[in-house]
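Presented below is the structure to which this report refers.
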Ligand SMILES: Nc1ncnc2c1ncn2[C@@H]1O[C@H](COP(=O)(O)OP(=O)(O)O)[C@@H](O)[C@H]1O
Ligand SMILES: [Mg+2]
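In the working numbering, the protein residues as written are 633 to 884.
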């Protein structure tokens, strides 16, 4: 089943065309890595998927439901508010900057959205949050405030917090790029574990080793377009496009 369908998506900021006809699909249980130079539109694409940004034209379907399609004037027409919100809740997102609530403890950060946004009972979410914090190795930090955590720990809390909403799809936007090198491993480990549990994942990353080992498919984006996509073994050993070759060389 296609969990994410993106068809011919266009997005401009003023005169700057950032997405120039992007199409991709992500199947259930698939891990798709998006790589590409800075400014190529990777974050904008993820942000369009969960409506943090609105696209100008194109189609987005999540688990068979239409989040946006082209209206009669040829411009994007989004599903009405309650429906669009429900569709977007199927996706959890982890950002480069962790975006934790500084005034809440680790545990409170994880239970906040299920309690407030979804109206889940405390008695239901608390054991789930404990389980999630164990999973990312932070149960012992549950009463700490984010300011007391390392970047790697904060990002693992952010992952647990996204998972607490029980998404079917996880979007990651360069989750390790703000971290000191020695802290990236623990975050990648949590993501790898999630992949092993067959979470559907769309991951923007500059960690080529992670993309090669964990992704089922790699998409190379440059200048608002998908230049090339394929199995990691193909893309990393025999990239067919000169722009992919040049990018991979620059990442060595
Ligand atoms: N809100 C915005 N307003 C204007 N320009 C933006 C905005 N967001 C991103 N851009 C521009 O769009 C281009 C693509 O950005 P982005 O999607 O962040 O690329 P990437 O994630 O691949 O580095 C960049 O030139 C960036 O400066
Ligand atoms: Mg980005």
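Heads up, the beta-carbon is just placed ideally off N, CA and C, and yes, glycines get one too. A quick note: this is a predicted structure, and the numbers were derived from the prediction, not measured.
Spatial neighbours of residue 729 in its own chain (CB-CB distance under 8 Å, excluding positions within 5 residues in sequence) are listed in chain order as 810. Taking the Cβ of residue 842 as the reference point, every heavy atom of ligand 1 lies at 7 Å or farther away.
By the criterion of a C-beta distance shorter than 8 Å, residue 747 is surrounded in its chain by 754 and 757, once the five residues flanking it on both sides are discounted. Taken atom to atom, the span from the alpha-carbon of residue 788 to that of residue 684 is near 22 Å. In the structure shown, residue 747 falls within a helical segment according to DSSP collapsed to helix, strand and coil.
Inside the region 786-824, DSSP marks whole beta strand (DSSP E) runs of 3 or more residues at positions 801-805, from first to last along the chain. Contact check between the region 835-854 and the region 659-667: three or more CB pairs, one atom from each, fall below 8 Å, which counts as touching. Judged by DSSP secondary structure, residue 638 falls within the beta strand (DSSP E) whose first and last residues are 634-645. Taking 8 Å as the cut-off, the beta carbon of residue 679 is found no closer than this to the beta carbon of residue 707.
Partner residues in the beta bridge of residue 708, as assigned by DSSP, are 702. At least one heavy atom of ligand 1 sits closer than 7 Å to the Cβ of residue 674. Counted as a single uninterrupted DSSP element, the stretch harbouring residue 768 is not any beta strand (DSSP E), since DSSP gives it neither H nor E. Sorting 867, 695 and 647 by C-alpha distance to the C-alpha of residue 657 places 695 at the top.
Taking 7 Å as the cut-off, one finds at least one heavy atom of ligand 1 near enough to the beta carbon of residue 668. Under DSSP, residue 849 shares a beta bridge with 664.
Taking a 10 Å sphere around the C-beta of residue 673, we find 16 or more other C-beta atoms and assign the residue as buried. The Cβ neighbour count for residue 775, taken over all protein chains shown within 10 Å, is under 16; the residue is labelled exposed.
The beta-bridge partner set that DSSP reports for residue 694 consists of 636 and 697. Shortest gap from the CB of residue 645 to any heavy atom of ligand 1: under 7 Å. Residue 769 and residue 819 do not touch by the CB rule: their CB atoms are close to 11 Å apart, not below 8 Å.
Here the region 819-829 does not lie against the region 854-871, with fewer than 3 beta-carbon pairs under 8 Å apart. Between residue 778 and residue 732, the gap from beta carbon to beta carbon is short of 8 Å.
A direct Cα-Cα distance of roughly 22 Å separates residue 842 from residue 793.
Judged by the Cβ position, residue 656 fails to qualify as a neighbour of ligand 1 at the 7 Å threshold, every heavy atom of the ligand being at least this far.
Just so you know, the alpha carbons of residue 791 and residue 726 end up roughly 6 Å apart. The alpha-carbon of residue 874 is positioned some 14 Å away from that of residue 857. In the structure shown, the three-state DSSP call for residue 832 is strand.
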